[in-house]
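Numbering (our numbering), first residue to last: 2 to 60.
Notes for the one structure printed next.
Below, the structure written as C-alpha coordinates:
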(Lines of atoms letter the chains of each structure in order from A and count residues from 1; the text may use other names and numbers.)
(Lines give C-alpha, C1' and ligand atoms only; values in the text may rest on other atoms or scores of the structure.)
Protein backbone atom coordinates (compact mmCIF):
# COMPACT_ATOMS: atom_id res chain seq x y z
CA UNK A 1 0.00 0.00 0.00
CA UNK A 2 1.26 3.46 -0.78
CA UNK A 3 0.48 6.74 0.94
CA UNK A 4 -2.02 7.89 -1.69
CA UNK A 5 -4.07 4.71 -1.25
CA UNK A 6 -4.18 5.23 2.50
CA UNK A 7 -5.07 8.92 2.09
CA UNK A 8 -7.86 8.04 -0.34
CA UNK A 9 -9.27 5.44 2.05
CA UNK A 10 -9.18 7.89 4.96
CA UNK A 11 -10.98 10.53 2.89
CA UNK A 12 -13.72 8.05 2.01
CA UNK A 13 -14.12 7.16 5.69
CA UNK A 14 -14.27 10.83 6.70
CA UNK A 15 -16.93 11.57 4.08
CA UNK A 16 -18.97 8.55 5.15
CA UNK A 17 -18.73 9.61 8.79
CA UNK A 18 -19.75 13.18 7.97
CA UNK A 19 -22.79 11.96 6.04
CA UNK A 20 -23.79 9.65 8.89
CA UNK A 21 -23.61 12.56 11.34
CA UNK A 22 -25.79 14.71 9.06
CA UNK A 23 -28.54 12.12 8.50
CA UNK A 24 -30.63 13.33 11.49
CA UNK A 25 -30.73 16.78 9.85
CA UNK A 26 -32.75 15.32 6.96
CA UNK A 27 -35.65 14.58 9.29
CA UNK A 28 -35.40 17.99 10.95
CA UNK A 29 -35.43 19.76 7.59
CA UNK A 30 -38.39 17.70 6.36
CA UNK A 31 -40.34 18.58 9.50
CA UNK A 32 -39.68 22.31 9.26
CA UNK A 33 -42.56 24.53 8.19
CA UNK A 34 -40.19 26.74 6.23
CA UNK A 35 -36.87 25.08 5.39
CA UNK A 36 -35.16 28.34 4.42
CA UNK A 37 -36.04 30.02 7.72
CA UNK A 38 -34.92 26.97 9.70
CA UNK A 39 -31.53 26.82 7.94
CA UNK A 40 -31.07 30.59 8.20
CA UNK A 41 -31.83 30.62 11.93
CA UNK A 42 -29.50 27.68 12.55
CA UNK A 43 -26.72 29.44 10.67
CA UNK A 44 -27.30 32.69 12.57
CA UNK A 45 -27.18 30.87 15.92
CA UNK A 46 -24.00 29.06 14.92
CA UNK A 47 -22.41 32.33 13.81
CA UNK A 48 -23.45 34.19 16.97
CA UNK A 49 -21.74 31.69 19.27
CA UNK A 50 -18.12 32.51 18.32
CA UNK A 51 -18.94 36.21 18.30
CA UNK A 52 -20.33 36.02 21.84
CA UNK A 53 -17.31 33.98 23.00
CA UNK A 54 -14.99 36.58 21.49
CA UNK A 55 -16.87 39.42 23.20
CA UNK A 56 -16.71 37.63 26.57
CA UNK A 57 -12.99 36.94 26.25
CA UNK A 58 -12.20 40.56 25.36
CA UNK A 59 -13.81 41.87 28.58
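Beta carbons are placed, not taken as given, at the ideal position from N, Cα and C, and that holds for glycine.
May I have the straight-line CA-CA distance separating residue i from residue j, to the nearest angstrom?
i	j	result
residue 49	residue 11	32 Å
residue 44	residue 32	17 Å
residue 14	residue 25	19 Å
residue 57	residue 51	10 Å
residue 47	residue 37	15 Å
residue 23	residue 39	15 Å
residue 27	residue 35	14 Å
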